[in-house]
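Structure first, then comments.
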Amino acid sequence: MSAESTQPRPAPAGNDEAAAPPSQRRERIFSGMQPSGEAHLGNYLGALRRWVKMQEAYDCVWCIVDQHAITAGGDPADLPGNVFDLAVSYLAVGLDPERAIIFVQSDVKEHTELAWLFNAVTPVGDLERMTQYKDKSSRFESVPAGIFNYPILQAADILLYKADGVPVGEDQRQHLELSREIARRFNAAYGKTFPVTRPLISRQVGRILGLDGSAKMSKSLGNTIGILAEPPQVRKRLRTAVTDPKRVRRSDPGDPEVCNVFALHAHFTDEERRTEIGEACRKAEIGCVECKRSLSDSVSEAFTPYRERAATYREHPSRVREILEDGAKRARAVAGATIAEVRSRMGIDWRRAVPLPTVTGPAAITRPDPAATRTR
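Residue numbers (the working numbering): 1 to 376.
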C-alpha cells in the first residue's frame, strides 16, 4: 500500500434527508459547534448527520467556534486539544473539505471585527432579552460580557459569509432571529449588504436528552456518549442512563414511551428489533439492563466506520492541520471581501478623504528643503 493510500479520506454522506434550496442557485449555509472535545450523540443526531447530507445541495461553511467556547471558562490548556478532537469528529462523520469550507473561528480575525461593528446597530435591550443571558444572569452573581455579546458574535459568524440559511435547533432560534434583525437594521442604516438568513430547523429529530433524561445532552452536564467512544465505554456510559422511573423491579411492566433509552433506540436500532424490545418491555419480558445492552450494541455498530476514520486521522494529525489551515484561507477570502464592503458602507475608510497625489513623473513629488525650514 502506498503512503498516499494510508491518508484519511472524508466519510461518505449519510442517508438522512436535507432540505433542498428553493431555487436552482446553490445557496450558502453556515453552522458551527463549540469545541468541548469529540462530538457526542446529541451533536450527531441534532446536527452533524444533517450537515453531511446538506453538502450535496448547498455551498457549506462549517466552523469550530473556539472564540464562543472561551465565554464558558475552562482550562485554556484544554482548548487546543478540544479543537483538534472536534475537527476529527467533523471529518470522521463525513464533513468533506472537498465540498465545504471547514475551519477554526479564531483563524479568521474578521469574525470579531464584524461583531464589533454590529454593536453599532444592536440595542442593549435586544441582548437583555436573550433567554440564555437571562438564565445565566439569574443563576450567577457575575456574568462575563462575552455571554451578553455572544449573540452578536454569532450574527457576525453567519453574516460574514452572507449565509442564506443556518441549520439550527429550536434552542438557537432566538439567537438566529436576532441575527436576522441585525441584518435588517444594518441594511436599513447603510444600504443592502446582508441577506436575512432563514433558519433551517429539522422537524425529524427532536430534542436529544442526555443520559440523565432531564436535560439536553451536553458535555458540561456530563450526560453524553461520545460518537467515537469504544464499545466498552459506550456500555459503561449507558449503564448510568435513566429509564422508566416507574419501573422499579425487573418484573414490573415498563412504558417505552417515557423511557429515554428506548427513545435512542429509534435512531440506532432497526424497526423490527425496536418493536420487539418495546413489546417485551411492556410485558416485563426484558429488563432495563437488557434494553441498554441492546442499545449499546446498536450504537457501537453504527459508529464503527467513524471510529476507524477517526483513528486514521489521529495517525495523520498533519492532515487535519492542513485541512483546517486550507479552510481558514478559503474562509478569509470570503470574509475579507465582506469586511471591505462593510467598512466602506460605514465610512471606515479615511483614505477616501486623503487621495493620493497625481504622479506625472520622477520630479512630481518634491521634498521640503530642510535649510528653508530651519529657524534663523
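Every residue gets a Cβ at the ideal spot worked out from N, C-alpha and C, and that includes glycine.
- Under the DSSP definition of a beta bridge, cysteine 63 partners with Gly32, Phe103.
- Around alanine 215, the same chain offers Leu209, Leu221, Asn223 as residues with beta carbons nearer than 8 angstroms, after the five sequence neighbours per side are excluded.
- According to DSSP, glycine 165 shares a beta bridge with Ile29, Arg198.
- Counting C-beta pairs with one atom in each stretch, the segment 35-48 and the segment 78-88 have three or more that are closer than 8 angstroms, which means they touch.
- Just measuring C-alpha positions, the residue of Arg293, Asn149, Ile29 sitting nearest arginine 99 is Ile29.
- Here tryptophan 350 is exposed: its Cβ has fewer than 16 other Cβ atoms, across all protein chains shown, within 10 Å.
- CA-CA distance, alanine 115 to phenylalanine 140, rounds to 25 angstroms.
- Contact between the segment 232-241 and the segment 193-204 is not established, with fewer than three Cβ pairs separated by less than 8 angstroms.
- Remark: C-beta atoms of valine 242 and glycine 287 do not approach each other more closely than 8 angstroms.
- Counting along the chain, no alpha helix (DSSP H) covers asparagine 119, and no H or E run does either.
- By the neighbour-count criterion, in which a residue is buried when 16 or more other Cβ atoms sit within 10 angstroms of its Cβ, proline 256 is buried.
- In this structure, arginine 50 sits away from proline 151, with a CB-CB distance that is not shorter than 8 angstroms.
- Of the candidates Phe118, Pro144, Leu127, the residue whose Cα lies closest to the Cα of leucine 160 is Phe118.
- When Ala263, Pro76, Thr122, Leu228 are compared, the shortest CA-CA separation from alanine 183 is found for Thr122.
- In the DSSP assignment, alanine 328 falls within the unbroken alpha helix (DSSP H) covering 317-346.
- In the DSSP annotation of this structure, valine 258 is not part of any alpha helix (DSSP H), being labelled neither H nor E.
- With respect to the 8 angstroms criterion, serine 106 and glutamine 154 are not classified as neighbours on the basis of their beta carbons.
- In the structure shown, lysine 136 adopts helical secondary structure according to DSSP, grouped into three states.
- Considered as a whole, the segment 255-299 harbours 260-268, 271-282 as its complete alpha helix (DSSP H) runs of no fewer than 4 residues, in chain order.
- The DSSP-derived three-state label of lysine 236 is helix.
- Taking a contact as a CB-CB distance under 8 angstroms, the pair tyrosine 58 and arginine 26 counts as one, their CB atoms being some 7 angstroms apart.
- In this structure, DSSP gives glycine 226 an extended state, which the three-state scheme calls strand.
- Per DSSP, isoleucine 152 is one residue of the alpha helix (DSSP H) stretching across 145-159.
- Annotated three-state conformation of leucine 209 is strand, per DSSP.
- Sequence-distant partners of arginine 330 (beyond 5 residues in either direction) whose C-beta falls short of 8 angstroms from its own C-beta, in its chain, are Ile101, Phe103.
- Histidine 316 counts as exposed, since fewer than 16 other C-beta atoms from the protein chains shown sit within 10 angstroms of its C-beta.
- A contact is defined here as three or more CB-CB pairs under 8 angstroms, and the segment 290-300 meets this definition with respect to the segment 259-270.
- Per the DSSP secondary-structure output, histidine 40 pairs in a beta bridge with Gly226.
- Residue nearest to valine 108 within the set Ile64, Ile70, Val124, Arg129 is Ile64 (criterion: CA-CA distance).
- By the CB criterion at 8 angstroms, aspartate 164 and proline 199 fall outside the cutoff.
- Residues of the same chain with a CB within less than 7 angstroms of the CB of arginine 345, apart from the 5 flanking positions on each side, are Tyr190, Gly191, Thr193 in chain order.
- When beta bridges are read from the DSSP output, lysine 216 appears opposite Leu209.
- Classified as buried, lysine 219 has 16 or more neighbouring CB atoms from the shown chains inside 10 Å of its CB.
- Around the beta carbon of threonine 197, a 10 Å sphere encloses 16 or more other beta carbons of the protein chains shown; the residue is thus reported as buried.
- For lysine 53, the secondary structure class from DSSP, reduced to helix, strand or coil, is helix.
- 8 angstroms or more divides the Cβ of alanine 266 from the Cβ of arginine 273.
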